[in-house]
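To start, the structure under review is shown below, and the notes come after it.
Protein chains: 2
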Amino acid sequence: MILHLATFRWKDDVTAADVAELTDALRDMAAGIPELRSYVCGESLRLRPGGADFGVAAIVADEDGLNAYLDSAAHAAVYERLLGRMIAERAAVQLPVESSAWL
Amino acid sequence: MILHLATFRWKDDVTAADVAELTDALRDMAAGIPELRSYVCGESLRLRPGGADFGVAAIVADEDGLNAYLDSAAHAAVYERLLGRMIAERAAVQLPVESSAWL
C-alpha cells in the first residue's frame, strides 16, 4: 500500500474559518472516494517547530488508487474552491507501507 | 494518539548513498525508541509532483512520547551525523489520530 503525505504552509491572509471549512470539505471528499483506505487531515497541533500549518495523510492500495484520489472531480472541486488559493507552500511524498497500515 | 509527519527536500549535493545510509540509520533509531508506536521513513516514491524527496511518519501516544522521540540522544545522533547536513527544506506537522492508527 502507499502512504501519501502532504504538508501545507498557508498564505498570510488565510483565516481560521478558511481552515475549518477546508478541513470539513476534505473529510467529506475523502468519505466519497472509495480508493482512500484511510485518510486524516487537519491543522497541525504545532507541538514542535515545523514550518507547516496543515497536513494530510492518505493510504491507498496502489498508484492507480492514488491517481484516482488526486485526479478525482471531488479533489479538484475542493482545490478550486478552497485549497488552491490558500497554499503558500506544499510538500508531498509517497511512502510504501504495509497492508495493515491504518490511520 | 499523534501522527508526526515530516517532509524533506535535500540539498543538491546529497547522494543516493547518503539517503540509503540515512534511511537505515533512522530505522535503527526508531527500533530503539519505545515511545514510537509506529514509524515509516524513506525516499519518496515520487508518484506525483510534490517537491519533497523524503518523508517520515511516526505515531506516538502523546506529546510526551513525541518529545521523547524527537529529543532523544538517538535522534540527535542521526541528525548530527547525517540528516542535519542534508536538509535544504523541512516541513513538519502533528495530527491527532485514533488509537487504532498503525503504519
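Which chain is which? The protein sequence lines are H and Z, in order.
Using this note's numbering, you'd call the opening residue of the first sequence number 1 and step up by one each time.
Using this note's numbering, you'd call the opening residue of the second sequence number 1001 and step up by one each time.
Each residue gets a CB set at the ideal place from its N, CA and C atoms; glycine is no exception.
In this text the structure is predicted, and so the values were computed from the model without any measurement.
Closest to H:A101 by C-alpha separation, out of H:L36, H:L83 and H:A73, would be which residue?
What you label residue 101 of chain H is simply residue 101 of the first sequence in a count that begins at 1. Nearest of H:L36, H:L83 and H:A73 to H:A101, Cα basis: H:L36.
Find the residues of chain H that neighbour Z:A1058, judging by a C-beta separation of less than 7 Å, and give them in chain order.
For the purposes of this step, residue 1058 of chain Z is taken as the residue at position 58 of the second sequence. In chain order: nothing, as chain H lies at least about 11 Å away.
Contact between the region 1082-1097 of chain Z and the region 1004-1024 of chain Z (3+ Cβ pairs under 8 Å)
yes
Quick check: the Cα distance between H:D13 and H:A52, rounded to an integer number of angstroms?
Position 13 of the first sequence, counting from 1, holds the residue named residue 13 of chain H. Position 52 of the first sequence, counting from 1, holds the residue named residue 52 of chain H. Rounded to whole angstroms, H:D13 to H:A52 spans 15 Å at the Cα level.
Looking only at DSSP bridge pairs, what is H:Y39 linked to?
Numbered from 1 along the first sequence, position 39 holds the residue referred to as residue 39 of chain H. Bridge partners of H:Y39: H:A58.
Helix, strand or coil at H:E89 [DSSP, three-state]:
Here residue 89 of chain H refers to the residue found at position 89 of the first sequence. H:E89 falls in the strand class under three-state DSSP.
Residues of the region 1019-1044 of chain Z whose Cβ lies closer than 7 Å to any Cβ of chain H, in chain order
Close to chain H, meaning a Cβ-Cβ distance shorter than 7 Å, are the following residues of the region 1019-1044 of chain Z: V1040, G1042 and S1044.
Closest to Z:V1019 by CA distance: which of Z:A1058, Z:G1042 and Z:P1034 is it?
As a working mapping, residue 1019 of chain Z is identified with position 19 in the second sequence. It is Z:G1042.
As a quick exercise: from H:A30, H:L26 and H:G55, pick the residue whose alpha carbon is nearest that of H:R90.
The residue labelled residue 90 of chain H in the question sits at position 90 within the first sequence. The shortest Cα separation from H:R90 among H:A30, H:L26 and H:G55 belongs to H:G55.
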